[in-house]
Amino acid sequence: MQRRTFLAAAAATSSWAALAQSAFPNRPLTFVVPFAAGGGGDVVARMLAKELGDRIKQPIVVENRVGAGGNIGSAYVLKSKPDGYTLLNMSSTYPIQAALTKVPFDPIGDMQPIIMVSRDPAVVVVNTNSPLKNAKDLAQAAKDKPGKLSYGSAGVGSIAHVGMEELAFNMGVQMTHVPYKGSSQAFNDVMSGQVDMMLTSATYASPFIRSGRVRALGVASAQRMASMPDVPTFAEQGWPDYLLVDWKAVAAPKGVPPEVVAFLNRELNEVLRSRNVSEKFTAEGTTAVGGTPEQMMDIVRSDVERWRALAKRANLKIE
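Read in the numbering used here, the sequence shown has 1322 at position 90, and its numbers run on one by one without any break.
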């Protein structure tokens, strides 16, 4: 009897130990950024990785997998093992690709939302030596010489591409798109004068605007931003319908266990509430979002429909 009791207790202890060893996370995680290092999404991903890693006591590796407007990195994550260790740091480019291109995955069915991280108004910037001082200058110059003005982006189908096409449609003008492998490369060429302008996030651009390295023509928000109080909105300048937000989020492949999804969502919500993150976001005009996986999926679905409607209205095609 004592032997049976001892064996039962040993078995229970062994089972508990195995469960404890398998508890998530018990090894490093990987954040996949589908764009080049140095861009806005990469900056946010590295900040989240540092704060989340400190909380869960596991290293988080940030890996850049670039190409195809973010689809290479997205496909890599969505086809990876659904165990919660490989996560996608997606952006508002994701629903654009889903709406306008043939992606190598089901953008809704293959994706497990984790959390919406941030919302960041888009801003259009030019070189400090540019003759363009505001959005009206841009519209007039583009009308005077159709197709001459150029803008850079992180690639075909990125928000920096399609967002500028939306602005051109609203203004009734044509501009030339110059795609790069990442937003940081495009931004560098704006500063050096190789391309005329770029649409980017306020978080990424604000330090360069404040230091005078680029000039902002307008911000695509309903009100001016506290971080850039001198930059007028496009609505103020005559384009009230041009409202564009660049968001960041974290997702995983479909099939991740519900308890792992809940754990990641809870911990990332705490990261977004942390002083380090909230102060940095506030200083740069970014709004931390947080919330549930279901709320994130609602935003993704809504954006897919928004970009499909724009493509139909503006006869926009992405090759």
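Don't be surprised by glycine CBs; every beta carbon is placed ideally from N, CA and C.
Asked	Found
Exposure label - T1519; buried when at least 16 CB within 10 Å	exposed
Distance, K1377 Cα to G1302 Cα	32 Å
Beta-carbon contacts of V1463 that lie in its chain and below 6 Å, excluding the five residues immediately before and after	A1448, V1451
Coarse secondary structure for N1321, derived from DSSP in three states	strand
Residues near R1297 in its chain [Cβ-Cβ closer than 7 Å; skip 5 each side]	V1264, P1266, I1304, G1305, Y1308
Sequence-distant residues of the same chain with beta carbon closer than 6 Å to Y1436, five excluded per side	G1272
Three-state class that DSSP yields for Q1253 in the structure shown	Low confidence applies here, because Q1253 scores a pLDDT of 43, under 50, leaving its location unreliable and the question unanswered by this model.
Proximity of M1429 and Y1474 at Cβ, strictly below 8 Å	no
Proximal residues to S1506 (C-beta, below 8 Å), its chain only, five neighbours per side dropped	E1283
Counted within 10 angstroms of its Cβ, other Cβ atoms place G1389 as buried (16 or more) or exposed	buried
Limits of the alpha helix (DSSP H) - the one that Q1417 falls within	1415 to 1424
CB contact flag (S1459, E1511, <8 Å)	no
Local Cβ density within 10 Å of E1537, reported as buried at 16 or more and exposed below that	exposed
Cβ-Cβ distance between R1259 and T1360 below 8 Å	no
Touch test, the segment 1333 to 1347 against the segment 1393 to 1401, Cβ-Cβ under 8 Å, three pairs minimum	no
Which listed residue (T1465, V1493, H1409) has its alpha carbon closest to that of A1367	T1465
Complete alpha helix (DSSP H) runs within the segment 1446 to 1512 (minimum length 4 residues, chain order)	1490 to 1505
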